[in-house]
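All residue numbers for the sequence shown refer to the working numbering, where the first residue is 19 and numbers rise by one. By construction, the Cβ of each residue, glycine as well, lies at the ideal position given by its N, Cα and C atoms. Predicted model only: the values in this text are computed from it and were never measured. One structure is given below, encoded as structure tokens.
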Amino acid sequence: MAQIEDLEQFYEDCYVAAATPQDAERARRWRALSAGPKADHVMTLCRRAKVTPATVADVGCGDGAMLAELARRRFGTTHVGFELSSTAVEIARNQPGVAAVHGYDGRRLPAQDGAFDLGILSHVIEHVPHPAATLRETARVCRAVVVEVPLENNVSAGRPVKRAHAEEIGHLHRFDRAQVDAFVAEAGLRVVARLSDPLPLAVHTYFATTPVQRAAGTAKWAMRAGLGLVPAVGERLVTVHHAVLCVPAQQR
């Protein structure tokens, strides 16, 4: 299994290995587009759980797009990021509304216990060797934590071409709901709110360059949205994004 040092190099390459400036700009716009639904999920879960954070920490913040989106929406007053990639750290520091971004060794966060009202691990846990340990460390410095992962333990994601793609983008785990609940419990936390989302149409068609590809992306979105109405069935067949808000198990 990949080690933290491998992950650091992998994510550094994600920000410096674009073949052309156009590729780099396309990747930036993709991250900005993805930040919208991620911010929606964080805000929805906090509303459901009656969590009103002032200080927000995004662990594995990448280029800071989601932090900037939360700041733009005035969700919280102080927005801080932690990130493995030194290149991403520098990019994130220039995002509007982001108070600070710190380098992070993937093991211990450079922050005191309980420093933040809310922590976010958005599409981070599927990339790390030890999910419960990463979540436990985030919960050390954050009083509540939102975790979002793709649920990839399903028929569609189990196909060889999909498994190969997941490995190419650094996914070390294929979760289902039960496995999410298991690593949350192992970290000493409990789930107080959750949601699943097939994601907006714009996400599914972003990389389409032809009418046929756009039609395929639209069909994929429609199928996932329909199956999402019956999660017990849909999540066994296709991938959806699943987010949970966690608090310490002893907290009531």
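Taken through DSSP and simplified to helix, strand or coil, I187 comes out as coil.
Within the segment 21-105, the complete beta strand (DSSP E) runs of at least 3 residues fall at 73-77, 96-101. The Cβ neighbour count for I143, taken over all protein chains shown within 10 Å, is at least 16; the residue is labelled buried.
Rounded to whole angstroms, the gap between the alpha carbons of V119 and G99 is 4 Å. Judged by DSSP secondary structure, L219 falls within the alpha helix (DSSP H) whose first and last residues are 219-223.
Inclusion of N172 and L255 in the CB contact set at 7 Å is warranted, their separation being smaller than that value. With a contact defined as Cβ atoms closer than 8 Å, R111 and G80 miss out at about 12 Å.
It is roughly 28 Å from the alpha-carbon of K238 to the alpha-carbon of V146. Judged by beta-carbon spacing, R161 lies beyond the 7 Å limit of D131, meaning their Cβ atoms are not closer than that value. DSSP places E253 in no beta strand (DSSP E) but in the uninterrupted alpha helix (DSSP H) bounded by 249-255. V60 and V116 have their C-alpha atoms some 17 Å from each other.
Taking 7 Å as the cut-off, the Cβ atoms of A200 and G137 do not count as close. Under the 8 Å Cβ criterion, the segment 149-159 counts as touching the segment 201-216, having at least three qualifying pairs. Per DSSP, L127 is not a residue of any beta strand (DSSP E), being assigned neither H nor E. According to DSSP, residue pairing for V202 in a beta bridge does not occur. Burial of K56 is indicated by the presence of at least 16 other C-beta atoms within 10 angstroms of its C-beta. With respect to the C-alpha of R192, the residue from G176, Q113, V202 having the closest C-alpha is G176. Using a Cβ distance threshold of 7 Å, P168 and S214 do not count as a contacting pair.
Taking C-beta separations shorter than 6 Å and ignoring five residues to either side along the sequence, the partners of V210 in its chain run A67, L263, V265, following chain order.
The beta carbon of A133 sits closer than 8 Å to the beta carbons of T73, A75, V159, C160 from its chain, once the five residues preceding and following it are set aside; these are given in chain order. Contact annotation: L63 and V165 have beta-carbon atoms that are not nearer than 7 Å. Within the DSSP bridge table, the entry for F134 names C160 as partners.
For P266, the enclosing beta strand (DSSP E) starts and ends at 258-266. One thing to note: V77 has its Cβ within 7 Å of the Cβ of T156.
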